[in-house]
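The structure appears below as structure tokens.
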Amino acid sequence: MQRPMIKPEHLPVRHGGDRVRIGGVVRGIAADISDPDGWVWALLELLDGSRTPDQVVADLVRRHPVRTDADVRAAVADLVEAGYVEDAGEPDPGGLSAGERERYRRSRALFRWMDRTPRRTSWDTQLLLRGARVVVIGIGGVGCTAAQTLVVSGVGHVHCVEPDVVELSNLNRQVLFTERDLGRPKAEAAVERLQEHNSEVQVTGARLHVDDRVALRTLATGFDVVLLAADQPQEIRSWTNQACVATGTAWVHGGYHGPQVSCGVYRPGAGPCYDCARVAERERRAGLPRQTFSAAVGEVPSHAANAVSAGIAGQLAAHATLSLITGVPALRTNCEFGFNLVTLQDSFALGLEAPRPDCPTCG
Ligand SMILES: [Zn+2]
Numbered sequence: 391m392q393r394p395m396i397k398p399e400h401l402p403v404r405h406g407g408d409r410v411r412i413g414g415v416v417r418g419i420a421a422d423i424s425d426p427d428g429w430v431w432a433l434l435e436l437l438d439g440s441r442t443p444d445q446v447v448a449d450l451v452r453r454h455p456v457r458t459d460a461d462v463r464a465a466v467a468d469l470v471e472a473g474y475v476e477d478a479g480e481p482d483p484g485g486l487s488a489g490e491r492e493r494y495r496r497s498r499a500l501f502r503w504m505d506r507t508p509r510r511t512s513w514d515t516q517l518l519l520r521g522a523r524v525v526v527i528g529i530g531g532v533g534c535t536a537a538q539t540l541v542v543s544g545v546g547h548v549h550c551v552e553p554d555v556v557e558l559s560n561l562n563r564q565v566l567f568t569e570r571d572l573g574r575p576k577a578e579a580a581v582e583r584l585q586e587h588n589s590e591v592q593v594t595g596a597r598l599h600v601d602d603r604v605a606l607r608t609l610a611t612g613f614d615v616v617l618l619a620a621d622q623p624q625e626i627r628s629w630t631n632q633a634c635v636a637t638g639t640a641w642v643h644g645g646y647h648g649p650q651v652s653c654g655v656y657r658p659g660a661g662p663c664y665d666c667a668r669v670a671e672r673e674r675r676a677g678l679p680r681q682t683f684s685a686a687v688g689e690v691p692s693h694a695a696n697a698v699s700a701g702i703a704g705q706l707a708a709h710a711t712l713s714l715i716t717g718v719p720a721l722r723t724n725c726e727f728g729f730n731l732v733t734l735q736d737s738f739a740l741g742l743e744a745p746r747p748d749c750p751t752c753g
């Protein structure tokens, strides 16, 4: 590292005379450092990107002679390892045009904020996105928002798979389509609109009904991440899981049960798979009293959705996809996240501690 600098997003704040907080107020990023004699604060002030590591050490030891070179170097190494420091003299990342740097300037700032992994340059996450290929299966409410976010975020290739045409009842939530698109194949209209959002990435589409394991296996083979935004056929999540476990492909799904939106994040080999959780859920239900559903109502409508519920599910799925590609933020994987729109409070993460030996897919 040529000229270490505390990331601007992680601005240190001194509380009284003996405690320093670095990383702001966001949980998961911030840390408190005990600093009774003030040398940590002095060190943080020196890490402003104007000094080499040797100059930082020399300046700090001069001000706090009780500290040794080794103390200071170890403290700087700890701050770098914790993700609070970048290199003001970082090498040119190469391969990003001036237009791309301008377009993604604010994404870079947010990634830098959330990122706790030391990187070669602050553009590395954007380069990872540019090199990534994602297939979005299902361009409905969830898929529209997810695909839009991936494309504007600079994912290098986004492929949209969807068999249907645009209908009037889609327009309350499927944000890629306009009234002019009524009757057009969604895959075609989506590709056109997405390419208007960002001509620097590749957007492709296929008017395809994904109705078996073979089709999913083919899609999983050709992409880095599968984003499943379709809920039909009924077994499609399990099929996607099987295809992704077999091919080693990371995948996410986004969806909703009325006002409860959810997102699953899976990386094969990193923990329990989707079917492990299904085995456990079947077991849990078997131990409960038998449920009887009211015949008067029939079934809970599965398509109750608006632009908020579908959009948040799509954004969660896109967020998880960006995380799988870049490692930022370092989300928990192999679990399900949910969010309740009625209370705006009851978010949850559900996942097993370990894979199930009796899982039909990965056991
Ligand atoms: Zn499993």
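Residues in the sequence shown are numbered from 391 upward in steps of one, following the numbering used here.
Don't be surprised by glycine CBs; every beta carbon is placed ideally from N, CA and C.
Quiz item: What residue range is occupied by the uninterrupted alpha helix (DSSP H) comprising Thr733?
Solution: Counting from one through the sequence shown, the residue named residue 733 turns up at place 343. Unbroken run through Thr733: none, as it is neither H nor E.
Quiz item: Is any heavy atom of ligand 1 found at a distance shorter than 7 Å from the C-beta of Cys749?
Solution: Along the sequence shown, read from residue 1 onward, the residue named residue 749 stands at position 359. Checking the Cβ of Cys749 against ligand 1 gives yes.
Practice problem: Rank Glu689, Val616, Asp468, Gln632 by C-alpha distance to the C-alpha of His549 and give the top, closest one. | Solution: What you label residue 549 is simply residue 159 of the sequence shown in a count that begins at 1. It is Val616.
Practice problem: Say yes only if the C-beta of Val661 is nearer than 7 Å to one or more non-hydrogen atoms of ligand 1, and no if none qualify. | Solution: Within the sequence shown, the letter at position 271 stands for residue 661. The residue asked about is misnamed: residue 661 is Gly in this sequence, not Val. Result no, Cβ not under 7 Å from ligand 1.
Quiz item: With 16 as the cutoff for other CB atoms within 10 Å, does Leu519 come out buried or exposed?
Solution: Within the sequence shown, residue 519 is the residue found at index 129, counting from 1. Buried: at least 16 other Cβ atoms inside 10 Å.
Quiz item: Closest by CA to Asp482, which one among Val475, Tyr474, Arg491?
Solution: Within the sequence shown, residue 482 is the residue found at index 92, counting from 1. Across the set Val475, Tyr474, Arg491, the C-alpha of Arg491 shows the shortest separation from the C-alpha of Asp482.
Practice problem: May I ask you to check if the CB of Gly755 is nearer than 7 Å to at least one heavy atom of ligand 1? | Solution: Since the first and last residues shown for the chain are 391 and 753, residue 755 lies out of range.
Quiz item: Within 10 angstroms of its Cβ, does Thr723 collect 16 or more other Cβ (buried), or is it exposed?
Solution: As a position in the sequence shown, residue 723 is number 333, starting the count at 1. The residue in question, Thr723, is buried, as its Cβ has 16 or more Cβ neighbours within 10 Å.
Quiz item: CB of Pro402 to nearest heavy atom of ligand 1: below 7 Å?
Solution: Residue mapping note: residue 402 aligns to position 12 of the sequence shown, counting from 1. No, the beta carbon of Pro402 sits no closer than 7 Å to any heavy atom of ligand 1.
Quiz item: Going by the C-beta, is Arg441 closer than 7 Å to any heavy atom of ligand 1?
Solution: Here residue 441 corresponds to residue number 51 of the sequence shown, with the count starting at 1. Set against 7 Å, the gap from the CB of Arg441 to the closest heavy atom of ligand 1 is not smaller.
Exercise. With hydrogens ignored, establish whether the beta-carbon of Cys634 is closer than 7 Å to any heavy atom of ligand 1.
Key: Here the question's residue 634 lines up with position 244 in the sequence shown. False, no ligand heavy atom lies under 7 Å from that Cβ.
Quiz item: Does at least one heavy atom of ligand 1 sit under 7 Å from the Cβ of Cys725?
Solution: For this step, residue 725 is matched to residue 335 along the sequence shown. It does not: the Cβ of Cys725 is nowhere closer than 7 Å to a heavy atom of ligand 1.
Quiz item: Taking the continuous alpha helix (DSSP H) assigned at Leu618, which residues delimit it?
Solution: Indexing the sequence shown from 1 puts residue 618 at position 228. Per DSSP, Leu618 belongs to no alpha helix (DSSP H); it is in the beta strand (DSSP E), 615–618.
Quiz item: Is Leu437 closer than 8 Å to Ile396 when the C-beta atoms are compared?
Solution: Here residue 396 refers to the residue found at position 6 of the sequence shown. Here residue 437 refers to the residue found at position 47 of the sequence shown. For Ile396 and Leu437, yes; Cβs fall inside 8 Å.
Exercise. Check whether the Cβ of Asp408 sits closer than 7 Å to any heavy atom of ligand 1, and report yes or no.
Key: By one-based count along the sequence shown, residue 408 stands at place 18. It does not: the Cβ of Asp408 is nowhere closer than 7 Å to a heavy atom of ligand 1.
Quiz item: Helix, strand or coil for Tyr474 per DSSP?
Solution: Locating residue 474 in the sequence shown gives position 84, where the first residue counts as 1. DSSP places Tyr474 in coil when its eight states are reduced to three.
Quiz item: DSSP three-state call for Cys550: helix, strand or coil?
Solution: Mapped onto the sequence shown, residue 550 falls at position 160. Correct three-state label for Cys550: strand.
Quiz item: How close, in whole Å, do the beta carbons of Gln622 and Leu584 come, if the pair is a contact with beta carbons under 8 Å?
Solution: Position 232 of the sequence shown, counted from the first residue, corresponds to residue 622. Position 194 of the sequence shown, counted from the first residue, corresponds to residue 584. In fact, because the Cβ distance is near 23 Å, the residues do not count as touching under 8 Å.
Self-check item: Exposure of Arg496, with buried meaning 16 or more beta-carbon neighbours within 10 Å
Solution: Counting from one through the sequence shown, the residue named residue 496 turns up at place 106. Exposed, since its Cβ has fewer than 16 Cβ neighbours within 10 Å.
Practice problem: Using only the heavy atoms of ligand 1, determine whether one of them is closer than 7 Å to the beta carbon of Arg674. | Solution: If you number the sequence shown from 1, residue 674 lands on position 284. No; taking the cut-off as 7 Å, the Cβ of Arg674 has no heavy atom of ligand 1 nearer than that.
Practice problem: Write down every uninterrupted run of the beta strand (DSSP E) in the region 631–704 whose length is 3 residues or greater and which is fully enclosed by it, in chain order. | Solution: 640–647, 650–656
Self-check item: DSSP-derived helix/strand/coil call for Asp748
Solution: Within the sequence shown, numbered from 1, the residue matching residue 748 stands at position 358. Asp748 sits in coil when the DSSP states are folded into three classes, being neither helix nor strand.
Quiz item: Can Pro658 be considered in contact with ligand 1, in the sense that its beta carbon sits closer than 7 Å to one or more heavy atoms?
Solution: One-based indexing of the sequence shown puts residue 658 at position 268. No - ligand 1 has no heavy atom lying nearer than 7 Å to the Cβ of Pro658.
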